[in-house]
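In our numbering, the protein residues as written are 1 to 82.
Just below is one structure, and these are the notes that go with it.
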């Protein structure tokens, strides 16, 4: 799974917004994003995230997640958590 630790960005996202999609609001690129390598290289058709609220869920193809991260200026650090 991927996480943004709320202690890193308390002024940038609200409660329940610890999601990869919150990187959209990290405009000064103060967050280093570590992503479970299996999410993008494990053959998953979609990976799922809350879109800034935990009352909804959206699925992205792994390559779309990587494109989103890079377009926000965040090159993910891929790490195996096995």
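All C-beta atoms, glycine included, are put in the ideal place defined by N, C-alpha and C.
Problem - Beta-bridge pairing of residue 47 - partner residues as DSSP gives them - result: Residue numbering aside, residue 47 sits at position 47 when the chain shown is read from its first letter. 60, per the DSSP bridge assignment.
Problem - Three-state secondary structure assigned by DSSP to residue 3 - result: As a first step, residue 3 is located in the chain shown; it is residue number 3 there, counting from the start. Since pLDDT at residue 3 reaches only 46, below the 50 mark, its modelled position is unreliable, and the value read off the structure follows with that caveat. Here residue 3 sits in coil by DSSP.
Problem - Coarse secondary structure for residue 38, derived from DSSP in three states - result: As a first step, residue 38 is located in the chain shown; it is residue number 38 there, counting from the start. It is helical.
Problem - Limits of the beta strand (DSSP E) - the one that residue 78 falls within - result: The residue labelled residue 78 in the question sits at position 78 within the chain shown. 77-79 is the extent of the beta strand (DSSP E) around residue 78.
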